[in-house]
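Colleague: Below are the structure tokens for one structure; questions will follow.
Structure representation (structure tokens):
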């Protein structure tokens, strides 16, 4: 592909997004080390975002709040305000849409932009990136970093590995320069390589991205199937996926995961939360007019060092978005695989989604009555709030639905 025909894709990341918003809202915090963190009393005392000053003390996102406070005694802790963060994220999306009509949210603080058709209006890609950064800063007070590439995977790695480390906050990662840039980095810097995959590569003697790029794809495929080939293509900067405006409309699964406020020890209290998770997953499925036929249940043990817990899935006998049908199957998986160890977190996912306008008739179950009841409950919750109607189990001590109804994304609004 010639340079004239290459796509130009940006991955734009907001620096310390939550913390930057809080500093903008409270000027007194501007020169102080702050973190945005959850409630330590409810097992959610984890750093969600740290400002650059806090990071200079070694504080990092996703670590326990108490660890961050040990690193920086003068740390200022701010509780998350998700409603405000979502509003500002949407404001930033509107800024991006003034530069291109192809904007794909990747997360609340990262978005892909395909600027191929509009970059000529703003100079070259570097000039366009600078203009976007300036406008975001002027309108929100947030510093953003821009990774540039001919596709999404190059733009993402350009941002994560290079733009974030440069004062100008912009880096253009080109396929023809990979040997001098990306391939010199440790293997864990490759998009898609986590800690477990890193250990696998180290056992194979692969420590740098360039070593993986030099391997034959067949070797990787033999070890990891199609994912092995994807990693090889990523190392070579090959990615054909479009920047899609409807990327979230064609989701492959609907899931919900919950970290519990304390360790749950008995099956009876764990199943209360399991029912609430099935309720939420099915509510989301019905809202999108979908149903699924594959159930996954994941359970993480309280002993993180021992790695207790399980993750299993099963094919359902019929497609469903009915909470009790899903719950019965979830209990089957849980009873079969739980080893009676304390549980720290649990999640449910419904996969192989299809439109719910076709329903399998069942001689032994009144599916129409169940659907009507579920729709009535959805309507009540939509009008009066998520906790307007609850199953009796949710008022027990183990229940979390009432508490979760007060939050967005697991955090208070």
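In UniProt numbering, the protein residues as written are 1 to 413.
Yeah, the Cβ is synthetic: ideal placement off N, Cα and C, and Gly gets one too.
Hey, could you find the ends of the alpha helix (DSSP H) residue 276 is sitting in?
Modeller: Sequence index remark: in the chain shown, residue 276 carries index 276 (1-based). Unbroken alpha helix (DSSP H) run through residue 276: 267 to 287.
Colleague: Buried or exposed: where does residue 184 fall if 16 or more other Cβ atoms within 10 Å of its Cβ makes it buried?
Modeller: Within the chain shown, the letter at position 184 stands for residue 184. With fewer than 16 other Cβ atoms within 10 Å, it is exposed.
Colleague: Which runs of the beta strand (DSSP E) spanning at least 3 residues fall entirely within the region 52 to 103, listed in chain order?
Modeller: Entirely contained in the region 52 to 103, the beta strand (DSSP E) runs reaching 3 residues are, in chain order, 76 to 78.
Colleague: By Cβ distance below 8 Å, which residues in the same chain neighbour residue 331 in space, the five residues on each side in sequence not counted?
Modeller: If you number the chain shown from 1, residue 331 lands on position 331. Cβ neighbours of residue 331 beyond the five flanking positions: 271, 274.
Colleague: Measuring only the C-alpha atoms, how far is residue 79 from residue 179?
Modeller: Taking the first residue of the chain shown as position 1, residue 79 is located at position 79. Taking the first residue of the chain shown as position 1, residue 179 is located at position 179. Distance between the alpha carbons of residue 79 and residue 179 is about 43 Å.
Colleague: With DSSP run on the structure shown, which of helix, strand or coil describes residue 353?
Modeller: As a position in the chain shown, residue 353 is number 353, starting the count at 1. Here residue 353 sits in coil by DSSP.
Colleague: When the distance is taken between beta carbons, is residue 187 closer than 8 Å to residue 171?
Modeller: As a first step, residue 171 must be located in the chain shown, where it is residue number 171. As a first step, residue 187 must be located in the chain shown, where it is residue number 187. In this structure, residue 187 does not lie closer than 8 Å to residue 171 by Cβ.
Colleague: Span of the beta strand (DSSP E) holding residue 172?
Modeller: As a working mapping, residue 172 is identified with position 172 in the chain shown. Here the beta strand (DSSP E) through residue 172 covers 170 to 172.
Colleague: Exposed or buried, residue 364, counting other C-beta atoms within 10 Å across all chains shown (16 or more means buried)?
Modeller: Looking up residue 364 in the chain shown gives position 364. The predicted position of residue 364 is uncertain, since its pLDDT is 48 and thus under 50; no value can be drawn from it.
Colleague: Should residue 264 go down as buried or exposed, given a rule of 16 or more other Cβ atoms within 10 Å for buried?
Modeller: Position 264 of the chain shown, counting from 1, holds the residue named residue 264. The residue in question, residue 264, is buried, as its Cβ has 16 or more Cβ neighbours within 10 Å.
Colleague: Output the distance between the C-alpha atoms of residue 339 and residue 347, rounded to the nearest integer angstrom.
Modeller: Taking the chain shown and counting its residues from 1, the one referred to as residue 339 is at position 339. Taking the chain shown and counting its residues from 1, the one referred to as residue 347 is at position 347. If I take the Cα positions, the gap works out to 16 Å.
Colleague: List the DSSP bridge partners of residue 300.
Modeller: Locating residue 300 in the chain shown gives position 300, counting from the first residue. DSSP, once it has assigned bridges, lists 309, 345 as partnering residue 300.
Colleague: Can you tell me where the alpha helix (DSSP H) with residue 217 in it begins and where it stops?
Modeller: Residue numbering aside, residue 217 sits at position 217 when the chain shown is read from its first letter. Looking at the DSSP string, the run of the alpha helix (DSSP H) that includes residue 217 is 217 to 224.
Colleague: Taking 8 Å as the cut-off, does the region 26 to 41 touch the region 156 to 175 (at least 3 CB pairs, one atom from each stretch)?
Modeller: The region 156 to 175 vs the region 26 to 41: no contact.
Colleague: DSSP puts residue 111 in a beta bridge; with which residues?
Modeller: Reading the chain shown from its first residue, position 111 is the one you call residue 111. BP columns for residue 111 point to 12, 105.
Colleague: Helix or strand or just coil, what does DSSP make of residue 204?
Modeller: If you number the chain shown from 1, residue 204 lands on position 204. Three-state result, residue 204: coil.
Colleague: What separation, rounded to the nearest whole angstrom, lies between the Cα atoms of residue 100 and residue 242?
Modeller: Taking the chain shown and counting its residues from 1, one reaches residue 100 at position 100. Taking the chain shown and counting its residues from 1, one reaches residue 242 at position 242. Roughly 14 Å between the two C-alpha positions.
Colleague: Going by beta-carbon coordinates alone, are residue 156 and residue 191 separated by less than 8 Å?
Modeller: Translated into the one-based positions of the chain shown, residue 156 becomes position 156. Translated into the one-based positions of the chain shown, residue 191 becomes position 191. For residue 156 and residue 191, yes; Cβs fall inside 8 Å.
Colleague: Where do the ends of the beta strand (DSSP E) carrying residue 489 lie?
Modeller: One cannot answer for residue 489 here, as it falls past the ends of the chain, which runs 1 to 413.
Colleague: Helix or strand or just coil, what does DSSP make of residue 150?
Modeller: Indexing the chain shown from 1 puts residue 150 at position 150. In the structure shown, residue 150 sits in coil (DSSP, three-state: anything other than H, G, I, E or B).
Colleague: May I ask you to verify whether the region 313 to 321 touches the region 285 to 293, counting CB pairs closer than 8 Å and requiring at least 3?
Modeller: Touching, yes.
Colleague: Which residues in the same chain have their Cβ closer than 6 Å to the Cβ of residue 110, if we skip the five residues on either side of it in sequence?
Modeller: Position 110 of the chain shown, counted from the first residue, corresponds to residue 110. Cβ neighbours of residue 110 beyond the five flanking positions: 13.
Colleague: Is DSSP giving residue 238 helix, strand or coil here?
Modeller: Your numbering for residue 238 matches position 238 in the chain shown. In the structure shown, residue 238 sits in coil (DSSP, three-state: anything other than H, G, I, E or B).
Colleague: How should residue 252 be labelled, buried or exposed, when 16 other C-beta atoms within 10 angstroms of its C-beta is the threshold for buried?
Modeller: One-based indexing of the chain shown puts residue 252 at position 252. So residue 252 ends up on the exposed side.
Colleague: Excluding sequence positions up to five away, which residues of its chain have a Cβ less than 6 Å from the Cβ of residue 308?
Modeller: Looking up residue 308 in the chain shown gives position 308. For residue 308, where only same-chain residues beyond five positions count, the Cβ hits under 6 Å are 301, 341.
Colleague: Helix, strand or coil: which one does DSSP assign to residue 391?
Modeller: Counting from 1 along the chain shown, the entry for residue 391 is found at position 391. In this structure, residue 391 counts as coil in the three-state DSSP scheme.
Colleague: Mind checking who residue 35 pairs with in its DSSP beta bridge?
Modeller: Translated into the one-based positions of the chain shown, residue 35 becomes position 35. BP columns for residue 35 point to 50, 77.
Colleague: Please determine if the region 91 to 100 and the region 111 to 120 are in contact, where contact requires at least 3 C-beta pairs separated by less than 8 Å.
Modeller: The region 91 to 100, when compared against the region 111 to 120, does touch it at the 8 Å Cβ threshold.
Colleague: At the level of alpha carbons, what is the spacing between residue 122 and residue 144?
Modeller: The count along the chain shown starts at 1 and reaches residue 122 at position 122. The count along the chain shown starts at 1 and reaches residue 144 at position 144. Those two C-alpha atoms are separated by around 18 Å.
Colleague: Measure how close the beta-carbons of residue 352 and residue 294 come, nearest whole angstrom, since I'm counting them as under 8 Å.
Modeller: Within the chain shown, residue 352 is the residue found at index 352, counting from 1. Within the chain shown, residue 294 is the residue found at index 294, counting from 1. Contact flag correct, Cβ pair sits at about 4 Å.
Colleague: How would you write the range of the alpha helix (DSSP H) that residue 335 sits in, first residue to last?
Modeller: Here residue 335 corresponds to residue number 335 of the chain shown, with the count starting at 1. Start and end: 323 to 337.
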